[in-house]
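Counted from 1, the sequence shown has number 22 at position 20 by this note's numbering; the numbering is strictly sequential. Structure, as structure tokens:
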Amino acid sequence: MTASTLAAAGPALAENAPLEPRQIDEPRLDPIFGQKRDEPDDRERVTNDDEFDHDKKWHPLRDFVGVLTFLAPSNTDLSIGIGPEYRPDYFGSDDFQWVADPEVYVKFRNFVFLDNDGADIALFGFSGFSFGPSFRVTNDRDESDNVALTGLGDIDHTLEVGGFAATKFVDSFLFRFKIRKGIVGGHDGLVVDAAGTALLFRYGRLSTSVSANATWVGERYADTYFSVTPEQSLASGLPVYD
Numbered sequence: 003m004t005a006s007t008l009a010a011a012g013p014a015l016a017e018n019a020p021l022e023p024r025q026i027d028e029p030r031l032d033p034i035f036g037q038k039r040d041e042p043d044d045r046e047r048v049t050n051d052d053e054f055d056h057d058k059k060w061h062p063l064r065d066f067v068g069v070l071t072f073l074a075p076s077n078t079d080l081s082i083g084i085g086p087e088y089r090p091d092y093f094g095s096d097d098f099q100w101v102a103d104p105e106v107y108v109k110f111r112n113f114v115f116l117d118n119d120g121a122d123i124a125l126f127g128f129s130g131f132s133f134g135p136s137f138r139v140t141n142d143r144d145e146s147d148n149v150a151l152t153g154l155g156d157i158d159h160t161l162e163v164g165g166f167a168a169t170k171f172v173d174s175f176l177f178r179f180k181i182r183k184g185i186v187g188g189h190d191g192l193v194v195d196a197a198g199t200a201l202l203f204r205y206g207r208l209s210t211s212v213s214a215n216a217t218w219v220g221e222r223y224a225d226t227y228f229s230v231t232p233e234q235s236l237a238s239g240l241p242v243y244d
């Protein structure tokens, strides 16, 4: 479970353009407390049905090139922040601790979303609902990370590929569901994530949110991180576990 306070950094403004607050909270949620998104704002707003282009035509190739080259900074939003997270001292440990959890979130035209959990591409979206492909590169795990891992060997970074679906609820809550499979690297298992986010408060460029998530993993994934083979048992002194 994490709670984050984010500061939003908008794109570069044209010379002599007035500095206005940007409403960029993912995914345009209304805070439970604080300023609502329906404040007076002269800037044109896009909706889920015409979010991809002002002429209401979607150009995925042009949008994707714009993401890679940052040729359209006026359509790119950045949020950064930090909050507490309660997590194991290494992946697979029974010992949990509170740590500082930095958060980075980038949104390009409601089309590409980048955050600490990977990248999502919203190929389809309507009425507050979106879905498309999802990608993530997981952290590696080295024996040197913790004395309890001695003899268990190292696990490499893994590229996971799959899909996601997301929806809003009463304009203050976001729910996301992702299913991905490791295809290159440390594991080749299946991972299913479900997460919920509530935007608690916003004032100007500062916002506070709270998130919770749950994960289900397949047998191959679990074997990679949690099983102990006979060889690992001899090297570590731990009992064989499958």
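The beta-carbon is built from N, C-alpha and C at its ideal position, and this holds for glycine as well.
Proximal residues to residue i (C-beta, below 7 Å), its chain only, five neighbours per side dropped
| i | result |
| --- | --- |
| aspartate 147 | Tyr92 |
| asparagine 215 | Asp195, Ala196 and Ala197 |
| aspartate 244 | Ser229 |
Beta-carbon proximity of residue i to residue j, cut-off 8 Å
| i | j | result |
| --- | --- | --- |
| leucine 154 | serine 209 | no |
| histidine 159 | glycine 130 | no |
| leucine 176 | threonine 199 | yes |
| proline 134 | phenylalanine 128 | According to the sequence as given, residue 134 is glycine; it is not proline. Not closer than 8 Å, so no. |
| tyrosine 227 | isoleucine 157 | yes |
| isoleucine 123 | alanine 102 | no |
| arginine 222 | histidine 189 | yes |
| leucine 201 | serine 174 | yes |
Same chain only: Cβ atoms within 6 Å of residue i, ignoring 5 sequence neighbours per side
| i | result |
| --- | --- |
| alanine 121 | Phe137 |
| alanine 168 | Ser132 and Arg178 |
| proline 90 | Phe98 |
| aspartate 117 | Tyr107 |
Nearest-angstrom Cα separation, counted from residue j out to residue i
| i | j | result |
| --- | --- | --- |
| glycine 94 | aspartate 225 | 11 Å |
| leucine 192 | threonine 217 | 11 Å |
| serine 211 | phenylalanine 115 | 17 Å |
| phenylalanine 113 | proline 241 | 48 Å |
| aspartate 170 | serine 213 | Correcting the residue type first, residue 170 is lysine in the shown sequence and not aspartate. Rounded to whole angstroms, lysine 170 to serine 213 spans 14 Å at the Cα level. |
| leucine 80 | valine 219 | 31 Å |
| aspartate 52 | valine 139 | Residue placement at aspartate 52 is poorly supported in this model, since its pLDDT is 36, which falls under 50; the coordinates still yield a value, given next. Aspartate 52 and valine 139: Cα-Cα distance of roughly 31 Å. |
| arginine 111 | phenylalanine 203 | 23 Å |
| phenylalanine 72 | aspartate 119 | In this prediction, phenylalanine 72 has a pLDDT of 45, which is less than 50 and means its spatial position is unreliable; what the coordinates show is noted afterwards. Rounded to the nearest angstrom, the two C-alpha atoms are 21 Å apart. |
Beta-carbon proximity list for residue i, same chain, < 8 Å, skipping 5 on both sides
| i | result |
| --- | --- |
| alanine 150 | Tyr92 and Ser95 |
| glutamate 145 | Leu151, Thr152, Gly153, Leu154, Gly155 and Asp156 |
Those residues which DSSP pairs with residue i across a bridge
| i | result |
| --- | --- |
| glycine 85 | Asp103 |
Taking contact to mean 3 or more Cβ pairs, one atom from each stretch, closer than 8 Å, check whether the segment 154 to 163 and the segment 104 to 118 are in contact.
Taking one beta carbon from each stretch, the segment 154 to 163 and the segment 104 to 118 have fewer than 3 pairs nearer than 8 Å; the two do not touch.
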